[in-house]
Each structure stands twice: as C-alpha cells, then as structure tokens.
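Everything on this sheet refers to the single structure shown next.
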Amino acid sequence: MSTPWPTDSAPPSAPSLFDAYQNASRDNKFFRALFEEAADAMSIADLRGRYLAVNRRAVEMSGYSRDELLAMTIADLIPPEDLTREPLRFDDLREGKTLITERRLRLKGGRQVSVEVSTRILFDGNLLSIVRDITAQRAVEASLKEGERKYRELVENANCIIERWNPQGEITFMNEFGLSFFGFSQEELIGRHLVGTIVPQSESTGRDLATLMARICADPRAYELNVNENMRRDGSRVWVAWTNKAVLDPQGRLIEIFSVGTDITARMQAEAEKERLQSQLLQSQKMESVGRLAGGVAHDFNNMLQAILGHVELGLLRTDPLHPVRANLEAIGRAAGHSADLTRQLLAFARKQTVAPQVLDLNDVVARMLKMLRRLIGEDIELVWMPGPALWPLNIDPVQLDQILANLCVNARDAIADVGKIAIKTENITLDADYFARHPDCTPGHYVMLAVSDDGCGMSSEVTSHLFEPFFTTKGIGKGTGLGLATVYGIVRQNEGFITAASEPGKGSTFTLYLPRFGGKLTAAPPAAPLEMPRGKGETLLLVEDEAAILGLGKEMLETLGYRVLTAATPAEAIRTAEAYGGPIHLLITDVVMPEMNGRELARRLGAIRQDIGCLFMSGYTANVIAHRGVLEEGVHFLQKPFAIKELGLKVRQALGEG
Numbered sequence: 000m001s002t003p004w005p006t007d008s009a010p011p012s013a014p015s016l017f018d019a020y021q022n023a024s025r026d027n028k029f030f031r032a033l034f035e036e037a038a039d040a041m042s043i044a045d046l047r048g049r050y051l052a053v054n055r056r057a058v059e060m061s062g063y064s065r066d067e068l069l070a071m072t073i074a075d076l077i078p079p080e081d082l083t084r085e086p087l088r089f090d091d092l093r094e095g096k097t098l099i100t101e102r103r104l105r106l107k108g109g110r111q112v113s114v115e116v117s118t119r120i121l122f123d124g125n126l127l128s129i130v131r132d133i134t135a136q137r138a139v140e141a142s143l144k145e146g147e148r149k150y151r152e153l154v155e156n157a158n159c160i161i162e163r164w165n166p167q168g169e170i171t172f173m174n175e176f177g178l179s180f181f182g183f184s185q186e187e188l189i190g191r192h193l194v195g196t197i198v199p200q201s202e203s204t205g206r207d208l209a210t211l212m213a214r215i216c217a218d219p220r221a222y223e224l225n226v227n228e229n230m231r232r233d234g235s236r237v238w239v240a241w242t243n244k245a246v247l248d249p250q251g252r253l254i255e256i257f258s259v260g261t262d263i264t265a266r267m268q269a270e271a272e273k274e275r276l277q278s279q280l281l282q283s284q285k286m287e288s289v290g291r292l293a294g295g296v297a298h299d300f301n302n303m304l305q306a307i308l309g310h311v312e313l314g315l316l317r318t319d320p321l322h323p324v325r326a327n328l329e330a331i332g333r334a335a336g337h338s339a340d341l342t343r344q345l346l347a348f349a350r351k352q353t354v355a356p357q358v359l360d361l362n363d364v365v366a367r368m369l370k371m372l373r374r375l376i377g378e379d380i381e382l383v384w385m386p387g388p389a390l391w392p393l394n395i396d397p398v399q400l401d402q403i404l405a406n407l408c409v410n411a412r413d414a415i416a417d418v419g420k421i422a423i424k425t426e427n428i429t430l431d432a433d434y435f436a437r438h439p440d441c442t443p444g445h446y447v448m449l450a451v452s453d454d455g456c457g458m459s460s461e462v463t464s465h466l467f468e469p470f471f472t473t474k475g476i477g478k479g480t481g482l483g484l485a486t487v488y489g490i491v492r493q494n495e496g497f498i499t500a501a502s503e504p505g506k507g508s509t510f511t512l513y514l515p516r517f518g519g520k521l522t523a524a525p526p527a528a529p530l531e532m533p534r535g536k537g538e539t540l541l542l543v544e545d546e547a548a549i550l551g552l553g554k555e556m557l558e559t560l561g562y563r564v565l566t567a568a569t570p571a572e573a574i575r576t577a578e579a580y581g582g583p584i585h586l587l588i589t590d591v592v593m594p595e596m597n598g599r600e601l602a603r604r605l606g607a608i609r610q611d612i613g614c615l616f617m618s619g620y621t622a623n624v625i626a627h628r629g630v631l632e633e634g635v636h637f638l639q640k641p642f643a644i645k646e647l648g649l650k651v652r653q654a655l656g657e658g
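In terms of numbering that gives the first Met the number 0, the sequence shown is residues 0 to 658.
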C-alpha cells in the first residue's frame, strides 16, 4: 500500500500529518493508507484515553498486538510514577491546537522508551496522537551532556591554564585556574585582546603573534608549542609554556585556537639562576686565570721595568738638562711608566694588588682629588661634586680610591663628545633583603655609595654586559686598553663591595659603587710626602735580590741616597753576610719571591740573629707571602716594583722609623 509522500524522504512532521488526516478523512480509503503506513506510531483515542485505532508502527513499537492495544488506554502504557508526577490532561486541547509532550512509555515486557507525543483533538472530538521514539536521540543527547560535563569538569579542575582565542587575538574562554593565575574574572577577560592583557605590549608582540598564527595555520592538525613571558593583572611577569591547536569549522576554516599553558616561572628562574651561577663561575675562573697571568707577568715584568726605570732615573740625575740624550731618556721613562701602569691595572682587576687599607672618610678623599680630576677631564666639562652628609667610614687603601675616581672620570670624559657634565655623588645607604633578591651579587648591610654620572653618549645593553671584562673597549685603537673599568671592578670586589652600571644610548651613564661601612674610627691623615728627596745618614743596609740587574741597580740607587749597602743574591748569602758583618745593620731590604726561601722567612731568620734590624719588603708581586688577599699585614713596610728613587728613599726612612 503506497504512502502520500516519497518513501526515500524523511517522514513529515506531526502537524503535517494532522493536516493530511483532516484532508484524507473525507476519503476513507486514502486515510486508512496514510494512517496505517505512517513511519511514526499513530493512534486514535477517545477523551477518556481508550484506544479506538492504532497503526502498524504502534503495534511494532509497543510489542502488543493490535487487539491488546485496542483493549487498553493511553494510561496503561505510561509508568505509574510518571502519571503521579504528570497526569494526562486533555482539557486544555482545542480544535486546531497541538499538544507536544515528552514521556516515557512502558512497552510489553516492561522495557521503557522515551517518546515525543504530539496530540490534537479532531473535528469528531477524538484524540489523534503521533508518537515518535526518541530513545536513541535522548541517549545521544545524554551522552553528549555527560561528555560536556566531564569535559567542563576536566577543564575547570585542570591544574593548568586552558584558554580559547579567535584569529583576531581576542580571548573567548579561560578556565578557573587560568583566571586565578592571571588575576582576572571571566567578565573582565572575555573579549579582550591577548596583547596588553596577558601578553606584555612590546615592539615585537604583534609580529610574534602573527608568526604563531602562521605556524598554526600551516598545519592545523599539528600542535604548536611556544614559550612566552606573560603578564598578570598586577603587572608581574610570569613564564608560560603553551601548547596550541587550531579549531576548524566543517569547511576547514580556522575559527579558534585552543591553548593549554603550564606555569614554568620557577623553572625559568632556576635556569636563569643556573646561568648566573655558571656565568659567575666562568668569571671566577677567568679572574683566576688573569690573576695567575698577572702574578706571573708582574714578578718578572716589573723586575725588567724596574731595571729600565731605575737606570733611566739615574741617567737623568747624572745628565745635564740641556743634553740631547735627556729627551730620549724621558721618552723611555714614559713608555716604561705606561707599561708599569698596565701591570698595576691587571693586578687590580685580578684582586692581587698589594694594598694598605686605612680607615677614612670618602668625602675627604674625593675633595682632595677634585683639582686633579678637573685637570684630567678638561675645561669643557663641568665637574659637579655632591657630597653626602656624615658619611660612614671606609677601610680601604686611598690609592685604590684614587684609581677608582680617575678611571671613572676618564671613562665619563671619553663618553662626552664636546661639552658636558660629570657628577660625583656620595651618600650612606642601607641595602635590605629585597634589594639583595634583585642583585644577588650584593650582601644586605650598610654601605657608602659613590656614584659617577655623565651626560655623554651612553651605551647599549650589549656593551653594558661586557663593561667590566678585561681588555674590552669601544674606544679606537690606541685610545684605551680596556682595563680601566676592569680595574675599578677588581678594586671594588677586593674590598667586598659591588658596582652597577646604568646606561642608555644618548642618555648618559651612571656607575654606582657600594663600599661596606667600617665600624672603626678614622685614621689620622698621613703626612704629606716631602718635596725634597729623602736621604740617608750613613746607615748600613742589607739588600737581597735574586735578579742581578736589580741587585746592582738597587745598590747604586741606595748609595746615591747616602747609604752604606751590603748585597746578597740569595737568602743563604744574606744570612752568611749578616753573621759575618761586624758592624750594625740597620735595615734589611729584600725581595719577597725568591728561590730557597721567601723574603718573610728570611726576615724572620735574620731577626733571630740581629734583633734590632728593620725590614722593608719589595716586589713586583707578593703572592700573599706578606699580604692576606692582597692586604698588607699591620706593621709591614712594602715597596711596589717598579719604584722611583724618591719612593725608595721615602720608604727606607719610614722603615727606619722616621715617618
């Protein structure tokens, strides 16, 4: 029997069937065909719910025979608990209106199915019902709901950031963990652009986002990984590792990006700390290598320089001011002096410079040097001095402070192209644990700060990162050794302080030194060096030096100063001379680093033979024999090679107890 619609098309909706029934009811044969062959279960019942007619599909669905159904009512097929909760009500039905409900039907055998029931009252007063089995549909929907619930539960309870954003870069979803992590509410975040919200704004962010989008679109099936520095609502920065996946519509067009993020801030900080420690280790190893080099070079090189400078000075003393060779001697002396400065700078950088610390006021030292510094920087540059009040005392060699100020001011001068300003500022400052957290090189405590600023050309961050490396310079050939700032760094670290540099191209530079406060009292300022060359009074001196050239030169210089000089090329020879000499020996002048025994051991042995003998050590490099970490022990007299004859004369008089 044929149906009034094509068999290969979907069955019509309930209202369409009702209309068909109304039209077909005038043709009993056509109506029966329409009713019997309908794809949905159909029934006609009176207003009390008793079945008057059922179609084939109703019989198949219910499991009852047609006769069984015609002996039943609609209520017989509905579970009692459903009727209690929702009784059948047809009172509100009017002709032409359709009542659509969803119920459970209890089939023969007790199995229950979900159905959608469309009921309409017909012109003859009976009820026409069309029943469609929606059990499978509801099962699918329930499964989808359960899947959605589990998905939402997974997303919301995930211990990671989950977000979705559209191709325009606008955030469309973020889970609770992500909202809490970044510090936003859902209302505040949704619809906002990634950049400026959770991605810091910079020159490259737009380009970086476009690059990420291009990689995602290049292979939508792949997962794209990236690591970003992100931003919380309070402005703090965090590092997040993201996994990104394209979400496509049925036509394959990109509609969203699904991203899962993991907080890796602690790991990045640990890696940064590891890199910092590795950098410190490399710097320490570099310093140690430079220190060994400097120590090895200093001893032999300073001995050679001593021979050159000593003979030049003796030659100048014995040459008429108008003699043509005098200019040559002076040129040799200047070149050798520059070489000696390089050696001193290397030792200072490697923290192996021999020093004699004094308790002093930094303001006094700077004030004393201002005249010299103004000559050093020239008339076109203004030098501004801003001393802080009541500075805490420092325990440092004043010669080292002179080196620091001279190097920093020369560096500032060279950064100023024409006219400009250099400012020197001092003040007391206390650094707390918060500062230490940002600057791990420092130790919390009380410091005296020295800052030297200029308004010169400034430096890039790349240049700043290499500032304190030995031999690093941005100056032209012949205009800098690259040891000036390295020397400053070495001196500051040797004195347990630290230094920072702040600079931007075109905005000048500021070098800030922090030297630890000393708890002792200020040392009285040493007397000014005499203008005249200090001379001897016929005292007998024992000179010990393993370098023959220095031994002969030293004897000649001391005799020029008016002393009687005994010489020894080895410590053993010096002991024999001291034992054999019948007269008094007022002073031992000895090299520090020698074969057989060092100068300190020699002084101890000679002191046992001659209790009244004084001692003056001299060396190009002490190797910690008479100094601990470069700091001279109290009461030790030391003369750094190479030295001038006037320095020698002054140190001898001091060692003999005259100043």
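Even for Gly, the Cβ is constructed at its ideal location relative to N, Cα and C. This structure is a prediction, so every number in the text was calculated from the model and none was measured.
Cβ-based neighbour list, residue 659, same chain, cut-off 6 Å, excluding 5 preceding and 5 following: The chain is shown from 0 up to 658; residue 659 falls before or after that span and cannot be answered.
Look at the alpha carbon of residue 462 and the alpha carbon of residue 414, and state the distance between them as a whole number of angstroms. As a first step, residue 462 must be located in the sequence shown, where it is residue number 463. As a first step, residue 414 must be located in the sequence shown, where it is residue number 415. Using only the alpha carbons, I get a separation of about 13 Å.
Please check the pair residue 620 and residue 330, which I expect to be a contact at CB under 8 Å, by giving their CB distance rounded to whole angstroms. Taking the first residue of the sequence shown as position 1, residue 620 is located at position 621. Taking the first residue of the sequence shown as position 1, residue 330 is located at position 331. About 27 Å; that fails the 8 Å criterion.
Using 8 Å for Cβ pairs, my map puts residue 173 next to residue 198. What's the rounded Cβ distance? The residue you call residue 173 lines up with position 174 of the sequence shown. The residue you call residue 198 lines up with position 199 of the sequence shown. No, residue 173 and residue 198 are not in contact; Cβ-Cβ is about 13 Å, not under 8 Å.
Cutting at 7 Å between CB atoms, please list the residues of its own chain near residue 660, excluding the five before and the five after it. Residue 660 lies beyond the residue range present for the chain, which begins at 0 and ends at 658; the question has no answer from this structure.
Using a Cβ-Cβ cut-off of 8 Å (strictly less than) and excluding sequence neighbours within five positions of residue 540, which residues of its own chain qualify? The count along the sequence shown starts at 1 and reaches residue 540 at position 541. Correct list, in chain order: 557, 562, 563, 564, 565, 584, 585, 586, 587, 588 and 651.
Below 7 Å CB to CB, which residues in the same chain sit around residue 137 once its five sequence neighbours on both sides are set aside? On the sequence shown, residue 137 is found 138 positions in, with the first residue counted as 1. The answer, listed in chain order, is 113.
Unbroken alpha helix (DSSP H) run spanning residue 115, endpoints: Counted from its first residue, the sequence shown places residue 115 at position 116. Run containing residue 115: none in the alpha helix (DSSP H); it sits in the beta strand (DSSP E), 111–120.
Identify every run of the alpha helix (DSSP H) within the segment 98–173, keeping only runs that are complete inside it and at least 4 residues long; order them along the chain. Listed in chain order, they are 134–156.
Where residue 109 falls, given that 16 or more other Cβ within 10 Å makes a residue buried: Residue numbering aside, residue 109 sits at position 110 when the sequence shown is read from its first letter. By the beta-carbon neighbour count (other beta carbons within 10 angstroms, threshold 16), residue 109 is exposed.
Quick one: what's got a C-beta closer than 6 Å to residue 244's C-beta in the same chain, skipping five residues either side? Taking the first residue of the sequence shown as 1, we reach residue 244 at position 245. Cβ neighbours of residue 244 beyond the five flanking positions: 222 and 257.
Do the segment 494–503 and the segment 595–615 touch if we need at least three Cβ pairs shorter than 8 Å? Counting Cβ pairs under 8 Å, fewer than three are found: no touch.
Please state whether the Cβ-Cβ distance between residue 447 and residue 393 is less than 8 Å. Reading the sequence shown from its first residue, position 448 is the one you call residue 447. Reading the sequence shown from its first residue, position 394 is the one you call residue 393. Judged by beta-carbon spacing, residue 393 lies within the 8 Å limit of residue 447, meaning their Cβ atoms are closer than that value.
Terminal residues of the beta strand (DSSP E) in which residue 262 lies: Locating residue 262 in the sequence shown gives position 263, where the first residue counts as 1. Per DSSP, residue 262 belongs to the beta strand (DSSP E) from 253–262.
Measuring from the CB of residue 208, is there a heavy atom of the ligand SAH at a distance below 7 Å? Judged by which ligands are present, the structure shown has none, so any question about the ligand SAH falls away.
Assess contact between the segment 395–413 and the segment 354–369, defined as three or more Cβ pairs (one per stretch) separated by less than 8 Å. Is contact present? Contact holds between the segment 395–413 and the segment 354–369, because three or more Cβ pairs, one in each stretch, are under 8 Å apart.
Helix, strand or coil at residue 584 according to DSSP, with G and I counted as helix: As a first step, residue 584 must be located in the sequence shown, where it is residue number 585. Coil at residue 584, not helix or strand.
Would you identify the three-state DSSP class for residue 551, choosing helix, strand or coil? Your numbering for residue 551 matches position 552 in the sequence shown. Three-state DSSP puts residue 551 in a helix.
Using the three-state DSSP reduction, which class does residue 326 fall into: helix, strand or coil? As a position in the sequence shown, residue 326 is number 327, starting the count at 1. Correct three-state label for residue 326: helix.
If the criterion is Cβ atoms closer than 8 Å, does the pair residue 64 and residue 76 meet it? Your numbering for residue 64 matches position 65 in the sequence shown. Your numbering for residue 76 matches position 77 in the sequence shown. At a Cβ-Cβ threshold of 8 Å, residue 64 and residue 76 do not count as neighbours.
Is residue 30 helix, strand or coil when you go by DSSP? Residue numbering aside, residue 30 sits at position 31 when the sequence shown is read from its first letter. Helix at residue 30.
In this structure, how does DSSP classify residue 502 when only helix, strand and coil are distinguished? For the purposes of this step, residue 502 is taken as the residue at position 503 of the sequence shown. In this structure, residue 502 counts as strand in the three-state DSSP scheme.
Closer than 8 Å is the cut-off here; do at least three beta carbon pairs connect the segment 304–317 with the segment 331–341? Touching, yes, given that three or more Cβ pairs across the two stretches are closer than 8 Å.
For residue 203, count the other beta carbons within 10 Å of its own beta carbon; 16 or more makes it buried, fewer makes it exposed. Which is it? Here the question's residue 203 lines up with position 204 in the sequence shown. If you draw a 10 Å sphere on the C-beta of residue 203, you find fewer than 16 other C-beta atoms in it, and that means exposed.
List the residues that DSSP assigns as beta-bridge partners of residue 228. The residue labelled residue 228 in the question sits at position 229 within the sequence shown. DSSP lists 238 as partners of residue 228.
Rounded to whole angstroms, what is the Cα-Cα separation between residue 466 and residue 484? Here the question's residue 466 lines up with position 467 in the sequence shown. Here the question's residue 484 lines up with position 485 in the sequence shown. Between residue 466 and residue 484, the alpha-carbon positions lie close to 7 Å from each other.
Assuming residue 159 and residue 259 make a contact with CB atoms under 8 Å, what is their CB distance in whole Å? The residue given as residue 159 occupies position 160 in the sequence shown. The residue given as residue 259 occupies position 260 in the sequence shown. Yes, they are in contact, since the Cβ atoms of residue 159 and residue 259 sit about 6 Å apart, within 8 Å.
Integer Cβ distance of residue 125 from residue 73, believed to fall under 8 Å: Against the sequence shown, residue 125 aligns to sequence position 126. Against the sequence shown, residue 73 aligns to sequence position 74. Actually they are not in contact, since the Cβ atoms of residue 125 and residue 73 sit about 12 Å apart, beyond 8 Å.
Bridge partners for residue 447 per DSSP, in chain order? Position 448 of the sequence shown holds residue 447. In the DSSP assignment, residue 447 forms a beta bridge with 427 and 514.
Contact defined as beta carbons within less than 8 Å: I believe residue 507 pairs with residue 457. What is the distance between those atoms, to the nearest angstrom? Here residue 507 is taken as the residue at index 508 of the sequence shown, counted from 1. Here residue 457 is taken as the residue at index 458 of the sequence shown, counted from 1. Residue 507 to residue 457, Cβ: 5 Å. Contact.
How is the beta strand (DSSP E) around residue 381 delimited, first residue to last? Reading the sequence shown from its first residue, position 382 is the one you call residue 381. Residues 380–385.
Determine whether the beta carbon atoms of residue 498 and residue 453 lie at a separation below 8 Å. Position 499 of the sequence shown, counted from the start, is the residue given in the question as residue 498. Position 454 of the sequence shown, counted from the start, is the residue given in the question as residue 453. Contact: no.
In the DSSP assignment, find the unbroken alpha helix (DSSP H) run with residue 614 in it and report its ends. Your numbering for residue 614 matches position 615 in the sequence shown. From DSSP, residue 614 is part of no alpha helix (DSSP H) but of the beta strand (DSSP E) over 613–618.
Among 488, 253, 486 and 39, which has the Cα closest to the Cα of residue 115? In the sequence shown, counting from the first residue as 1, residue 115 sits at position 116. For residue 115, the nearest C-alpha among the options comes from 39.
For residue 497: DSSP bridge partner residues: The sequence position of residue 497 within the sequence shown is 498, counting from 1. Note: residue 497 sits in a beta bridge opposite 513.
May I ask which residues mark the beginning and end of the alpha helix (DSSP H) holding residue 209? Stepping through the sequence shown from its first residue, residue 209 is reached at position 210. Residue 209 -> alpha helix (DSSP H) spans 204–217.
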